[in-house]
Amino acid sequence: MKLQVRYFASIREALGAGEALETRAATLGALRDELIARGGSHAEVLARGRALRVALDQVMADESAALREGAEVAFFPPVTGG
Amino acid sequence: MASHPRVVVQADDFDLSLEVAALRAQDPGVGAICAFVGTVRDHSDGSRVSALELEHYPGMTEKSIEAMVDEAFRRFDIRAVKVIHRIGPLRLQDQIVLVAVTSAHRHQSFQACEFLMDYLKTQAPFWKKETTADGQQRWVDARSADDEALRRWGLQSGNGSLPG
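Top to bottom, those sequences are chains A and B.
Okay, so the first sequence: first residue is 1 according to this note's numbering, each after it adds one.
Okay, so the second sequence: first residue is 1001 according to this note's numbering, each after it adds one.
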């Protein structure tokens, strides 16, 4: 399926603003694994054990959440507004 | 009232007095107004800070704060809410955020204002990058104390905790 992936803050500085991609990943966690498998900066900033939050269609989600065609997925560090 | 948006994300500064006046205009049932303003301070984690930059997630930011305001209306007996959060480059002493709440009696607006700030700190997609006095830039780390503040309201947040 096709997804739009977006990155913010320190993740954006490392990987760019985002990309459209084609994946077979069924969940957010599987998508993260797929991106980590690319190696390089992706492996570094999306690594397990690093503080990372994920949103699915602009709502905070956990990695068990199921992906669907056309979804917008965002990876970013813990938020620090206010 | 309907012409005034409840949630605004903007680069421009805001005027507390004007915002409060707009919130209470045409509502003689208001007996209390509680407003919180967050500002850029000159120190963080033991370093001198000279400037701050705020990034956000357009779309999600507004939606998530709207959901917080809906939740505040469910929990508290309040009459109106205004949230303004600035983005982009900010200087020392600049205003960053406004949360203003009106109610008939003070207790409800005090509580709703604090609830909204605790929620915003841990759930709204904003990120602060600070410039220290020696010219270094660094992303601000989330604080687990903010998660604990949210927990007082019976809400869980793992925002400030490792790992992701």
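Built from N, CA and C at the ideal position, the CB exists for glycine as well.
Q) Comparing alpha-carbon positions, which option in B:Ser1044, B:His1105, B:Asp1070, B:Gly1088 lies nearest B:Asp1013? A) B:Gly1088
**Q.** DSSP state of A:Ala51 mapped onto helix, strand, coil
**A.** coil
Q. For B:Tyr1057, which of helix, strand or coil comes out of DSSP?
A. coil
Q.
Using only CA atoms, which one of B:Lys1063, B:Ala1051, B:Val1049 lies nearest to B:Pro1005?
A. B:Lys1063
Q) In whole angstroms, what separates the C-alpha of A:Ala65 from that of B:Ala1021? A) 43 Å
Q | Where B:Ala1021 sits in the DSSP three-state scheme | A | helix
**Q.** Every unbroken beta strand (DSSP E) inside the stretch 1041–1097 of chain B [3 residues or more]
**A.** 1047–1056, 1078–1086, 1088–1091
Q.
Is it buried or exposed, A:Thr80, if we count other Cβ atoms within 10 angstroms and call 16 or more buried?
A. buried
Q.
Would A:Ile11 and A:Pro77 be called neighbours here (beta carbons separated by less than 9 Å)?
A. yes
**Q.** Nearest-angstrom Cβ-Cβ length linking B:Gln1123 and B:Met1068, presumed shorter than 8 Å
**A.** 7 Å
Q | Sub-9 Å separation of A:Ala9 and B:Trp1153 beta-carbons | A | no
Q) Using a beta-carbon distance below 9 Å, is B:Val1081 in contact with chain A? A) no
Q. Are B:Glu1053 and B:Thr1132 closer than 9 Å when you measure CB to CB?
A. no
Q.
Measuring only the C-alpha atoms, how far is B:Leu1116 from A:Ala71?
A. 29 Å
Q: Output yes if chain B places a C-beta closer than 9 Å to the C-beta of A:Val79; else output no.
A: yes
**Q.** Nearest candidate by alpha-carbon position, reference B:Ala1032, set B:Gly1038, B:Ala1072, B:Asp1077
**A.** B:Asp1077
Q) Since A:Val73 is in the beta strand (DSSP E), which residue starts that stretch and which ends it? A) 72–76
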